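Residue numbers (this note's numbering): 0 to 169. Beta carbons: idealized from backbone N, C-alpha and C, even for Gly. A quick note: this is a predicted structure, and the numbers were derived from the prediction, not measured.
This is the structure we're talking about:
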């Protein structure tokens with residue numbers, strides 16, 4: 000007699016953003032494709048408008064955090080995210096440059112992953128960026144950062160990032 004073991008699921012937290020074209024529509028399409036290809040979307044933050052970070056001479060970004068439950072590995076989620084970016088028309092030109100869509104894997108359960116030049120989880124700069132932490136704190140305030148050992152909400156309250164991040168009421 001063979002027992003069926005239920006697939007183990009992890010919660011992946013992703014940040015979506017874009018500053019070209021139909022920013023809100025691009026985020027909606029990305030979320031729909033992520034749900035179709037990677038797992039069940041269990042939480043979606045509000046939309047946040049953010050001045051460009053890193054390369055500031057470009058339009059403002061629209062950002063949104065999502066949580067999804069998945070039986071895939073972190074690398075598989077990343078591969079799906081990169082394929083979805085390409086499917087939606089993303090062209091990689093400049094680091095921190097304009098883009099139709101950007102999908103970053105921020106956290107993957109409580110895992111710590113370091114695959115050089117491929118994937119780092121938790122995202123190594125998340126705790127320094129308001130545009131990541133504010134939407135993430137909205138959907139995952141009590142989640143612990145697996146390296147820092149602090150909640151997402153606590154980290155978000157202590158960021159010294161001067162970048163303006165505005166929650167949009169729609």
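Can you tell me where the beta strand (DSSP E) with residue i in it begins and where it stops?
i	result
residue 100	Per DSSP, residue 100 belongs to no beta strand (DSSP E) and is neither H nor E.
residue 44	From DSSP, residue 44 is part of no beta strand (DSSP E); its letter is neither H nor E.
Can you look up residue i in the DSSP assignment and give me helix, strand or coil?
i	result
residue 0	Confidence at residue 0 is low in this model, with a pLDDT of 40, below 50, so its placement is unreliable and the value that follows should be read with caution. Residue 0 falls in the coil class under three-state DSSP.
residue 19	coil
residue 143	strand
residue 163	coil
residue 126	helix
Based on the DSSP output, what are the partners of residue i in its beta bridges?
i	result
residue 114	118
residue 68	10 and 39
Please look up how many angstroms separate the CB atoms of residue i and residue j, rounded, as I've assumed it's under 8 Å.
i	j	result
residue 154	residue 132	6 Å
residue 33	residue 40	7 Å
Can you give me the start and stop residues for the alpha helix (DSSP H) that residue i sits inside?
i	result
residue 82	73 to 86
residue 131	129 to 138
residue 153	151 to 156
ask   = Does the segment 23 to 41 come close enough to the segment 100 to 107 to have 3 or more Cβ pairs within less than 8 Å?
value = yes
query = Are at least three pairs of beta-carbons, each pair with one atom in the segment 41 to 60 and one in the segment 75 to 89, less than 8 Å apart?
reply = no
request  = Could you tell me whether the segment 117 to 128 touches the segment 141 to 153, where touching means 3 or more Cβ pairs closer than 8 Å?
outcome  = yes
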